[in-house]
Every structure is written in C-alpha cells, then in structure tokens.
Amino acid sequence: MSVLLNLRAAIITDIAKLLPKPWNVDGHLGRFTANDLTKFITVAPAVRVAVLSLTDPKPQDGDAVEWRVKIGVFVVTRDQAKTLAREEIAAAAVETIVVNAFGSRWGMGAAGVKPAEAATAQTIFNDDTLRHGVALWAIDWSQPVVLSREEAAEFNPLKELWVGIAPEIGAAHRDAYIGPFPGEASDD
Numbered sequence: 097m098s099v100l101l102n103l104r105a106a107i108i109t110d111i112a113k114l115l116p117k118p119w120n121v122d123g124h125l126g127r128f129t130a131n132d133l134t135k136f137i138t139v140a141p142a143v144r145v146a147v148l149s150l151t152d153p154k155p156q157d158g159d160a161v162e163w164r165v166k167i168g169v170f171v172v173t174r175d176q177a178k179t180l181a182r183e184e185i186a187a188a189a190v191e192t193i194v195v196n197a198f199g200s201r202w203g204m205g206a207a208g209v210k211p212a213e214a215a216t217a218q219t220i221f222n223d224d225t226l227r228h229g230v231a232l233w234a235i236d237w238s239q240p241v242v243l244s245r246e247e248a249a250e251f252n253p254l255k256e257l258w259v260g261i262a263p264e265i266g267a268a269h270r271d272a273y274i275g276p277f278p279g280e281a282s283d284d
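Residue numbers (our numbering): 97 to 284.
Structure follows, in structure tokens:
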C-alpha cells in the first residue's frame with residue numbers, strides 16, 4: 097500500500113483509539129461538506145479522514161522529495177438524548193484530535209513521516225447543518241512526508257487489473273476476483 101494510504105490508515109486507527117464507542121472513524125476521499133451530511137448523519141458521531149493535497153515539494157538526497165501532506169479530519173455529531181448536546185460532543189472530539197495530532201508520526205517515522213504540524217479547526221455551521229441537527233467541524237494539518245521513486249515503484253496498483261463482480265467485492269472477496277489483466281502473454 098502507498099505511504100499516503102498507510103498514513104491515512106494509521107491516523108484512522110489512532111483516532112478510533114482516542115474516541116469512545118460508538119464513534120465511527122473511517123477514510124474519506126476529500127473535503128467533507130454539508131452536502132455529505134445525508135450520507136453520514138446515520139452514523140454520527142463520526143470522523144472521516146482524508147489526504148487533501150501535497151504541496152511545497154523539497155528535493156532530498158537521491159530521488160526522494162519531501163512534501164507537505166495536508167490531512168483533513170471531519171467530525172460530525174448529533175444530539176445524544178438528554179446527556180450531551182452536539183456542540184459539546186463535537187468540541188470534545190475536536191480538542192482530543194488536535195491535541196493528539198500535534199507532533200505525531202502515527203507510528204510511521206521509519207516510512208519518512210515527520211511530526212505533524214499544529215492543526216487548525218473550524219466549525220461548519222449553515223442552514224444544512226442546522227436543519228439536520230448536527231455539528232460539523234473540519235480539522236486540518238500539514239504533515240511532512242518524504243516520498244521516493246523507489247517506494248512508489250513498490251506500490252504500483254496500475255501494474256495489473258483485477259475484476260470483482262458485485263456484490264462479492266472488497267478485500268474479503270479477493271479470492272473471487274478475475275485477473276490479473278493484462279495477462280502474461282499480453283503486450284498491453
């Protein structure tokens with residue numbers, strides 16, 4: 097798996113350990129917006145983690161380049177019966193995440209992941225969040241990561257293609273996949 101996907105997975109694992117059940121912590125493909133609320137309202141309280149961008153490349157020794165990887169973490173909560181209001185739950189989760197993220201390498205120092213910089217966080221409050229009765233926060237930080245051609249060559253999902261037929265898809269059904277394509281006899 098790529099360094100970036102491993103980093104996201106490590107962040108997801110650590111955040112899941114920090115927050116009590118029933119928090120749902122998972123990956124996300126990009127910025128979390130109020131439009132995504134309809135998908136995630138049913139799993140709130142939830143946290144979604146995304147790799148948002150790579151910026152400021154700085155060449156290192158050999159073929160390596162250090163990038164500032166922007167990590168986005170999105171927190172959505174709703175009122176929990178009579179015990180805590182959504183704002184209280186969200187604020188507690190955001191504080192826990194930003195405090196623990198600062199300086200963390202997520203156990204990946206050997207993979208070229210440097211300490212996370214201080215995070216910023218902001219609430220996303222608008223008519224959609226008000227109508228859905230949720231609190232939504234966006235947290236982000238930069239994490240310096242050194243990537244190299246050698247590491248990228250080790251993880252090249254484009255070398256071959258495997259096909260799964262729904263509903264038997266995903267890692268649990270890997271043995272049912274057809275492939276790889278192109279086959280050994282192919283010039284493609």
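Glycine included, each C-beta is placed from N, C-alpha and C at the ideal position. If you're wondering where the values come from, they're calculated on a predicted model, not measured in any experiment.
For the options Thr219, Lys113 and Asp236, the alpha carbon positioned closest to that of Val230 is the one of Thr219. With a beta-carbon spacing of about 29 Å, Ala160 and Val194 fall beyond the 8 Å limit used to define contacts.
Cβ contact annotation for Ser244 (same chain, cutoff 6 Å, sequence separation greater than five): Asp159 and Ala160, in chain order. Taking 9 Å as the cut-off, the Cβ atoms of Ala142 and Val165 do not count as close. If you check the CB distance, Val190 and Ile137 do not come in under 9 Å. As summarised for the region 177 to 263, the continuous alpha helix (DSSP H) elements at least 4 residues long and confined to that stretch are 182 to 197, 223 to 228 and 245 to 250, given in chain order. Straight-line measurement puts the Cα of Ala181 at about 10 Å from the Cα of Ala187. For the pair Trp233 and Val171, the CB atoms are nearer than the 9 Å cut-off.
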